[in-house]
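One structure is given here, and the rest of the page talks about it.
Protein chains: 2
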Amino acid sequence: MTEPTTLGNELLRSAARLSRWASRHASFDVPFAQARLLALLDELGPSRVSALAAADHSSQPTITTQLQRLEASGWVHRASDPDDARATVISLSEEGHAALESVRRARLAVLSPALDQLDGPALDRVRVAIDVMNELLAAAADAPVPHPTRKDG
Amino acid sequence: MTEPTTLGNELLRSAARLSRWASRHASFDVPFAQARLLALLDELGPSRVSALAAADHSSQPTITTQLQRLEASGWVHRASDPDDARATVISLSEEGHAALESVRRARLAVLSPALDQLDGPALDRVRVAIDVMNELLAAAADAPVPHPTRKDG
DNA sequence: CAATTTACATAGACAACCTATGCATATCAA
DNA sequence: TTGATATGCATAGGTTGTCTATGTAAATTG
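Protein chains in written order, with this note's numbering: chain A, 30 to 182; chain B, 30 to 182.
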């Protein structure tokens, strides 16, 4: 039952469902992908557009579009890179930090009823889950797949 | 450092990133949400539209739209419920099963380079991750949140 | 300095959602 | 039975998220 064959699919399915559930039930005003980008900016600090695209595993135009929305909301600042006039350095504004915090609070509120039922050992298992997914992402970054985004054959 | 305050957010962030990464790198022809719905149908068996919406944590019109796409691809069948003329019973077709299998193979292929590096104990940790997320989803279903989808206040 | 590459923006398309609403059938009450 | 209400699904219309293809300006390179 626990063949490696199904393990990867089960992991992805559970992760997708948890994300889906959280994005459906957590009530906050920041659209999902924009919240993801705010969190990434908070983690990386001021970054170029292309660096954000790479870190987020999305295309550069996608990030450009999202940044326009974040900027329209006043959540990020934009500065040209003194070393390269083509490049733009994006950073979180005060309001962006605040928006990110509100997202985190909302998510926590929605998960709390479930998390609060857990005891110490169960919390350790949650920590394992986080670590495992992060490790897989890191390993995947090291050993990239043959053809990233092809759809036909 | 492992305060419960951040644990939930970290879990959701890692789950979202893993899903994002997989949907970006796994190359198959079935759109992400449609694959999710195929998997759900495979798991639940023939189901009503509203049952699928509830199980997927999405709205009924969303499921209706996705089912129209799945039906256009020949992946599901539609039958009226003999007990209730308003209701429709959806089931996977042969082609739907095949499509789901191809999705699973593609996902596995994209995760394999990372999974193959893991030894037995590491695989056990993956299993823990899956179980933890499933348990949290089940717990969340038991203890629903006050106001599911409100955005203002 | 011309050619190429790099960094980002724009254009256009589709998928994935949502809320509001419509329509048909079921159910319930009188 | 029939009118009111509830339920199950479809439709309408809009926003968000994402992609590929392409354009533009600046950097790099021969």
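By construction, the Cβ of each residue, glycine as well, lies at the ideal position given by its N, Cα and C atoms.
### Task
Return the residue from the list 47(B), 42(B) and 36(B) that minimises the CA-CA distance to residue 37(A).
47(B)
### Query
Contact check, residue 85(B) vs residue 69(B) under 8 Å by CB: the rounded distance?
6 Å
### Contact residues within the stretch 75–103 of chain A, judged by C-beta distance below 8 Å to chain B
85, 86 and 87
### Message
Against chain B, does residue 136(A) count as a neighbour if the rule is that its beta carbon must be under 8 Å from one of theirs?
### Response
yes
### Query
Is any beta-carbon of chain A found at less than 8 Å from that of residue 37(B)?
yes
### Straight-line Cα distance separating residue 43(B) from residue 194(A)
In the structure as shown, chain A begins at 30 and stops at 182. Residue 194(A) is therefore absent and cannot be evaluated.
### Task
Select from the stretch 146–163 of chain B all residues with a C-beta closer than 7 Å to any C-beta belonging to chain A, and list them in chain order.
146, 152, 154, 155, 156, 157, 158, 159, 161, 162 and 163
### Query
Using DSSP with H/G/I as helix, E/B as strand and the rest coil, what is residue 106(B)?
The answer is strand: DSSP assigns residue 106(B) an E or B state.
### Query
Under the three-state reduction of DSSP, which class applies to residue 120(A): helix, strand or coil?
If DSSP states are grouped into helix, strand and coil, residue 120(A) belongs with the strands.
### Message
In this structure, how does DSSP classify residue 58(A) when only helix, strand and coil are distinguished?
### Response
coil
### Task
If I'm right that residue 139(B) touches residue 55(B) with Cβ under 8 Å, what's the distance once you round it to whole angstroms?
4 Å
### Task
Determine which residues of the stretch 41–56 of chain B have a Cβ less than 7 Å from any Cβ of chain A, and write them out in chain order.
41, 42, 43, 44, 45, 46, 47, 48, 49, 50, 51, 53, 54 and 56
### Query
Does the distance from the C-beta atom of residue 135(B) to that of residue 165(A) stay below 8 Å?
Contact: no.
### Query
Closest to residue 41(B) by CA distance: which of 113(A), 39(A), 100(A) and 65(A) is it?
65(A)
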